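Right, one structure below, let's go through it.
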Amino acid sequence: MTKLFIFDMGGVLVRRFDILPSIASLMGLELESLVSNISDDLIPLMEGKLSSFDFWKRFTHKSGIIPPEKMNLMIDLYEPFLDGNTEKLIRRIKRFCPVVCGTNTISEHYEYHLKKGDYQVFDTVYASHLMGVAKPKPAFYQWILDREKVNPEEVVFADDLPENIEAARTLGIHSFLFTEADVFEKDLARAGIEYS
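Quick note, our numbering runs 1 ahead of the 1-based positions in the sequence shown.
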């Protein structure tokens, strides 16, 4: 029996959340070049172990490129929107089962969504920068399981990244690669998972 649903935020409930292409364009870089200069620091940033200020300082040290000083790149280029169909699905599921958010995020994006009320659809939000651990590390999922007092086989997890799905599956969590709400509902039906 399913006792908990965990939904990712970016790429699941929220669309147009990836700011890296816009940052690369603003700096006159190819996306691959930007990513190669920041990839080692993304997880520490999402785990709250590195501030955005220090993140960009390290980027400048590695690349020799100074980001625009009058901008907060992490928020000024962030223009997400909620996927209405996914929000409706979460509200339907919540009538029968608790639904939490398990998200890799940074403080600026977390505060943005908090102020807009975007997390209100969830019973609880588990944000990587507050937890000190990010997906796909098993400790991220275990943190949620422990706090929600559920076993892995009692949980359904939806995320848009294959590596996060695979990590959750290794713990025994029913995990689904999320593309659209209607596809997810069909995946649940095929797996024999009921939520109503």
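Where is the CB? At the ideal position from N, CA and C, for every residue including glycine. For clarity, every value in this text was computed on a predicted model and none was experimentally measured.
Secondary structure within the region 7-54: the alpha helix (DSSP H) runs of 4 or more consecutive residues, fully enclosed, are 21-28, 32-47 (chain order). Judged by DSSP secondary structure, V184 falls outside any beta strand (DSSP E) and instead within the alpha helix (DSSP H) spanning 182-191. Straight-line measurement puts the Cα of E31 at about 30 Å from the Cα of A159.
Looking at the backbone, the Cα of C98 and that of K187 are separated by about 18 Å. Between the beta-carbon of D9 and that of G118 there is about 18 Å, and that puts the pair past the 8 Å contact cut. Comparing alpha carbon positions, the residue from V156, K58, E80, D161 closest to P22 is E80.
The criterion of a C-beta distance shorter than 7 Å is satisfied by A182 and T87. Collapsing the DSSP output to three states places F82 in a strand. Every beta strand (DSSP E) of 3 residues or more that sits fully in the region 95-128 is shown, in chain order, as 100-104, 125-128. For the pair A135 and I44, the CB atoms are nearer than the 7 Å cut-off.
Burial is judged here by how many other beta carbons sit within 10 angstroms of a residue's own beta carbon; L46 has at least 16 and is buried. Its Cα nearest to that of L131, the residue W144 stands out among E167, W144, N165. The DSSP-derived three-state label of F179 is coil. As a beta-bridge residue in DSSP terms, D160 pairs with L178. Rounded to the nearest whole angstrom, the CA to CA distance from F18 to M2 is 33 Å.
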